[in-house]
Each structure stands twice: as structure tokens, then as C-alpha cells.
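There are 2 protein chains.
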Amino acid sequence: MCQLFALDSDKPTAATFSLAGFAARGGATAEHGDGWGVAFHEGGDCRVFMDAGRASESPLADFLCRHPIRARTIVAHIRRATQGRVGLANCHPFRREAWGRSWTFCHNGDLKDFQPRLEGRYTPLGQTDSEYAFCWLMQELQRSLGDDAAPTPSRLAPRLAELAAQASASGRFNFLLCDGEALYAHASTRLHWVRRRHPFARVRLVDREIEIDLARANRPTDRMVVVATEPLTHGEAWTAFEPGELRVFAGGRSVWSSQAELAAA
Amino acid sequence: MCQLFALDSDKPTAATFSLAGFAARGGATAEHGDGWGVAFHEGGDCRVFMDAGRASESPLADFLCRHPIRARTIVAHIRRATQGRVGLANCHPFRREAWGRSWTFCHNGDLKDFQPRLEGRYTPLGQTDSEYAFCWLMQELQRSLGDDAAPTPSRLAPRLAELAAQASASGRFNFLLCDGEALYAHASTRLHWVRRRHPFARVRLVDREIEIDLARANRPTDRMVVVATEPLTHGEAWTAFEPGELRVFAGGRSVWSSQAELAAA
Numbered sequence: 008m009c010q011l012f013a014l015d016s017d018k019p020t021a022a023t024f025s026l027a028g029f030a031a032r033g034g035a036t037a038e039h040g041d042g043w044g045v046a047f048h049e050g051g052d053c054r055v056f057m058d059a060g061r062a063s064e065s066p067l068a069d070f071l072c073r074h075p076i077r078a079r080t081i082v083a084h085i086r087r088a089t090q091g092r093v094g095l096a097n098c099h100p101f102r103r104e105a106w107g108r109s110w111t112f113c114h115n116g117d118l119k120d121f122q123p124r125l126e127g128r129y130t131p132l133g134q135t136d137s138e139y140a141f142c143w144l145m146q147e148l149q150r151s152l153g154d155d156a157a158p159t160p161s162r163l164a165p166r167l168a169e170l171a172a173q174a175s176a177s178g179r180f181n182f183l184l185c186d187g188e189a190l191y192a193h194a195s196t197r198l199h200w201v202r203r204r205h206p207f208a209r210v211r212l213v214d215r216e217i218e219i220d221l222a223r224a225n226r227p228t229d230r231m232v233v234v235a236t237e238p239l240t241h242g243e244a245w246t247a248f249e250p251g252e253l254r255v256f257a258g259g260r261s262v263w264s265s266q267a268e269l270a271a272a
Numbered sequence: 008m009c010q011l012f013a014l015d016s017d018k019p020t021a022a023t024f025s026l027a028g029f030a031a032r033g034g035a036t037a038e039h040g041d042g043w044g045v046a047f048h049e050g051g052d053c054r055v056f057m058d059a060g061r062a063s064e065s066p067l068a069d070f071l072c073r074h075p076i077r078a079r080t081i082v083a084h085i086r087r088a089t090q091g092r093v094g095l096a097n098c099h100p101f102r103r104e105a106w107g108r109s110w111t112f113c114h115n116g117d118l119k120d121f122q123p124r125l126e127g128r129y130t131p132l133g134q135t136d137s138e139y140a141f142c143w144l145m146q147e148l149q150r151s152l153g154d155d156a157a158p159t160p161s162r163l164a165p166r167l168a169e170l171a172a173q174a175s176a177s178g179r180f181n182f183l184l185c186d187g188e189a190l191y192a193h194a195s196t197r198l199h200w201v202r203r204r205h206p207f208a209r210v211r212l213v214d215r216e217i218e219i220d221l222a223r224a225n226r227p228t229d230r231m232v233v234v235a236t237e238p239l240t241h242g243e244a245w246t247a248f249e250p251g252e253l254r255v256f257a258g259g260r261s262v263w264s265s266q267a268e269l270a271a272a
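Those protein sequences? They're chains A and B, same order as listed. Just so you know, the first sequence maps onto residues 8 to 272 in the numbering used here. Just so you know, the second sequence maps onto residues 8 to 272 in the numbering used here.
Written as C-alpha cells, this is what we have:
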């Protein structure tokens, strides 16, 4: 089973502390040694770094911890291979361009026999169910929302929620999708998130012996959200996603949830 | 003016020596301090690393020199901004997926008023003439060659040569295009290449005080080709591309040239 991580902030932020705890799960404290990847979204810019080995032993992961990259949204994944060989083409985050923006996608779970028709606009590079589902999501979003201008998050989210529900019928479909404007997080079974803002807490990593006073690491006006498969810290209040929930984050806030839409309906 | 670099080999190879000379041009020995990028193609896998600053001062470029990545084809670019702001979205190599493969593209030159219609399948992330031309090339190649199966290099090359000639009417269009199967190199004004195979020469970098005996760095059966805007070494015989020439490299050999096709016609 793979693990997901994201940090979304109102200003470019280095995720060094949280990524250190997350990277420990890539082979050291959990069995996810089949590759890792991290995407740094900064407006329209996006960089993806990945390696096919254990994050806990990767010189590149170590480099990124020692030379933190600041970004508005950071998305990361550690892999335990279930479908597809171990190799870069099967490492998440996957990446495609749509509407003149870089979209990245990470998946935790598995989809059995989920093979809707791909019409050639997006084709997987590797062999995973995850990348196949990503290609299908991007195809269907563009078909529904048109090619011309990038849709706003509030226009895209309801359609994405429908597609996520459709794919979830074939298995576990916990995922993160990001275009640098918004972070879309969907849980079919397991995903957590936490809000960080003033007054910041003193927290301790679950996976490493590191404690940090978030009030010293951040300014009072900073605001961010962390999403992870399992809570990464003790000392702050993580919220579990509802099964089937799609939540949208932007500027370090939760801005939309399919559960709230259902409640309002 | 930007600078291009590629190494294509019959086996996964680290380009450390040649890249060191090339990286020196990113701010140290030449004025190309507006960003750099390098793509490592290994079969269907591809990794791109880039930075918006000077390659000669980049911790990431230094990391890549100290932790060499082996790949069958390595493509690199250093940028001197002519169109588009300095930023990651305007750094080469640009990357898109087509036919289930990662394609990367680097450009040296400038295209004036080259704005053919893009139909939405590929849209630039940044503001450069280079990325616009790349999106157009990929659109036209897919339109001509169909969506279904990836075309062979010998099928793709003649159509690419036509498109390159068409764009070259708008300015200087020296470029490298790669999908990990083949490296397509086009010169409208300036590009050089050199074959490296047994017996290997003793060579000296043009840009740094480094000399190397290629016979000690390679095995007698190794075979590779290096392409660069200007020759990177003294001590081996670089060949200048003919103006308008498209040449295709694969497995460390030159396998197709538009000049040879013309001569045969």
C-alpha cells in the first residue's frame, strides 16, 4: 500500500519537517521501498523529483531535505508496488499538461479491472492502475469542461467528485490531484488532513524522534494544510476524510468539500 | 542565445565529464545564467531536473555531477532568456507525453511571429517561442502519424524534417527532441556532433581545465554520440550540421539524416 502526502500553503513554504517524517516511511518505519516522488508546484511552475529506490536511503531525497525547495503546494508519494514493475515510469506523482498547466497525481489503493477506454489524448507511460486512472480522469475532465480555458476549482470539483465515485466502484481510490492552483484530495477509504495556523502547536513526528514548535517555524499570518494517508504528527488535531469525500484546498485553506455539498443539498 | 547538449549511447552512460564542461557555460564561461535543465531518458522512463539560476552555481547541478545518473539518452539545455521571464515554466527541456512516451524538447534560436494555431491538445505552460513550437510540433506529428501506435523513427523523421523547415522560415530553429527511443537533432544555423567509439581519443574540455582519456572511461565495445551547440572538447573531430539538416541518433549511432535522404533522392 502506498502513502500520500501534501502541503498546501498561502505562501511558498518548505515542507522539510513534515517531509522528513514522511520520507522515513519510505523504507525505514514502513514497508514502502519501491520508489518515491515529490512535486513542487509554484503557480504555473512545477518540478517533480523521483527515485525508484527507498526514500530513506536515497541521496536525492537527502539532497531535497538539505536544500529545501519552497512551493505553494508540495505533493509526495512513497510506493509499495502492487501493480507494475519497480521503475521510474511507475513512480508517482504522475504528470500531464492540461489547459496550459502541469497536473500531478498520486494514488493510494488499487483499482481492479478498471479499464475504461482511453482515446489517445493521454496514454500511460507505465503499467500501473494509478496512472491509467489519472489518464482517464484528465480525459473525462477535459471532455466535460472543454478545452478552451482552465476551469475554476469550483467548476472542476463537482465533476471530479462524480468521476472519483465512478472509479471507486472498482476498488480503493485515495488520491491527490494538483495543478498549482488547487489541491484536490479524495478518500475512498483512508486519508487525513490537518489545518495549521495561528496559534501554532508544538508537535512531534510519529515516525522520527523530532519535535518542533510550529510557532517558531512559522509567522502568525502563515496558514497551511497538510494531508497524509495517516497522521504524521502527535500534538495536532488530524481529521479523517469521510469515505467518498473529495475536498479541495487552496491558499492553505479547505475551500470545498463534497460532504458539505451533500449536506447543503 | 541558449546552448544545447545531448549524449546518446548504446548502454546507460553517465555524462559527467561532458556535462561538467557544458554546465560551465551556464554562467561561468558564457552568459547563459537564466536557467538550465537536463533530461535523463532510459527506455520509457524519463527524469527532468531544472533550476532557474546559473548552472555553474546551482546546488542541484552540483548534486547531479556528484551523483551521476546513467541513461541511454541525456539531453540538456542552458538558457539565456530572449523571450519569456526567468522562471521554471520557461526552462528547457520542455516535456509532454505522446503515444505513451515522454518527449523532451530543447531549443536554441528564436522564432519571430511563429504563432500557428494550437488546437488544445498541447498548450504552453510558459511564455517562450520554444515551448510554443514544441506544442505545435507534437500536435502536427500526431495529426500526421495518427494516435494509435508510436511511429518508428524512420516514419517520424521525414515528417519532422518538413515541420522543422516550415518553422525555420520564422527564425533560428536549432533543437533536440527525444522520446528515449531516438534523439532527433535539427540545425537551422548551428549545431555540432561527434561520434565516440573504439579507438577512443584523449580529449580536453574547451570550458574547463579537465583532460580525460576516453579509452579509460569507456569499454572498447561502448559507442556513443555527443551533440552540442559548439564543440565541447579539443582532441576529437566534431562535425557541423548542414543548415537545415535533421539527423536522428539511436543506440549511439547516427541512423538517419535529411541530407542523406536529399542526396539519395
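The C-beta atom is built at its ideal place from N, Cα and C for all residues, glycine as well.
For Thr196/A and Ser16/B, the gap between their C-alpha atoms comes out near 46 Å. Under the three-state reduction of DSSP output, Cys53/B falls in the strand class. Taking C-beta separations shorter than 7 Å and ignoring five residues to either side along the sequence, the partners of Thr89/A in its chain run Asp117, following chain order. By the Cβ rule, the segment 151-164 of chain A does not count as touching the segment 70-83 of chain B, because fewer than three pairs are nearer than 8 Å.
No Cβ-Cβ contact shorter than 8 Å links His199/A with Leu253/A.
Among the residues of the segment 120-133 of chain B, those with a Cβ less than 9 Å away from any Cβ of chain A are Glu126, Gly127, Arg128, Tyr129, Thr130, Pro131, Leu132 and Gly133, in the order of the chain. Shown here for Asp220/B: same chain residues with a beta carbon closer than 7 Å to its own, the five before and five after excluded, namely Arg209 in chain order. Scanning its chain for C-beta atoms nearer than 6 Å, with the 5 sequence neighbours on each side dropped, one finds around Val234/A the residues Ala13, Ala192 and Trp200, in chain order.
Between the segment 61-69 of chain A and the segment 116-130 of chain A there are fewer than three C-beta pairs closer than 8 Å, too few to call the two in contact.
Against chain B, the CB of His74/A has a partner CB under 8 Å away; the residue lies at that interface.
Residues of chain B with a Cβ closer than 8 Å to the Cβ of Gly242/A do not exist, since the nearest Cβ in that chain sits about 32 Å away. If you check the CB distance, Tyr139/A and Glu104/B do not come in under 8 Å.
Asp15/A: not part of any alpha helix (DSSP H); member of the beta strand (DSSP E) spanning Gln10 to Thr20, first to last residue.
Taking 8 Å as the cut-off, the Cβ atoms of Ser109/A and Gly187/A count as close. As the crow flies, the alpha-carbon of Ala30/A is around 24 Å from that of Gln134/A. Think of a sphere of 7 Å around the beta carbon of Phe70/A: the chain B residues whose beta carbon falls inside it are Phe70, in chain order.
Using a CB distance below 7 Å, the part of the segment 85-110 of chain B facing chain A consists of Gly94, Leu95, Ala96, Arg103, Glu104, Trp106, Gly107, Arg108 and Ser109, ordered along the chain.
Against chain A, the beta carbon of Arg54/B has neighbours under 7 Å at Met57 and Leu95, listed in chain order. In this structure, the beta-carbon distance from Gly44/B to His99/B falls below 8 Å.
Under DSSP, the beta-bridge partners assigned to Arg260/B are Ala257/B.
Against Asp154/A, the close residues of chain B are Gly127, in the order they occur along the chain (beta-carbon pairs closer than 7 Å).
Per DSSP, reduced to three states, the secondary structure at Ser265/A is helical.
Interface with chain B (8 Å Cβ-Cβ cutoff): Pro19/A is excluded.
Going by DSSP, Arg223/A is part of the alpha helix (DSSP H) stretching over Leu221 to Ala224. About 11 Å separates the beta carbons of Ala189/A and Val232/A, which is beyond the 8 Å limit, so they are not a contact pair. Residues of chain A with a Cβ closer than 8 Å to the Cβ of Pro206/B do not exist, since the nearest Cβ in that chain sits about 34 Å away. The beta-carbon of Gly51/A is placed less than 8 Å from the nearest beta-carbon of chain B. Gly28/B and Ala222/B have their C-alpha atoms roughly 19 Å apart. Under the 8 Å criterion on CB atoms, Pro227/A is classed as non-interfacial with respect to chain B.
Residue range Asp136 to Leu152 is occupied by the alpha helix (DSSP H) that includes Ala140/B.
The Cβ atoms of Glu147/B and Leu184/B lie no closer than 8 Å to each other. Excluding the 5 residues flanking it on each side, Pro131/A has same chain C-beta neighbours closer than 7 Å at Glu138, Tyr139 and Cys142, in chain order. When the beta-carbon positions are compared, Val55/B and Arg102/B come within less than 8 Å of each other.
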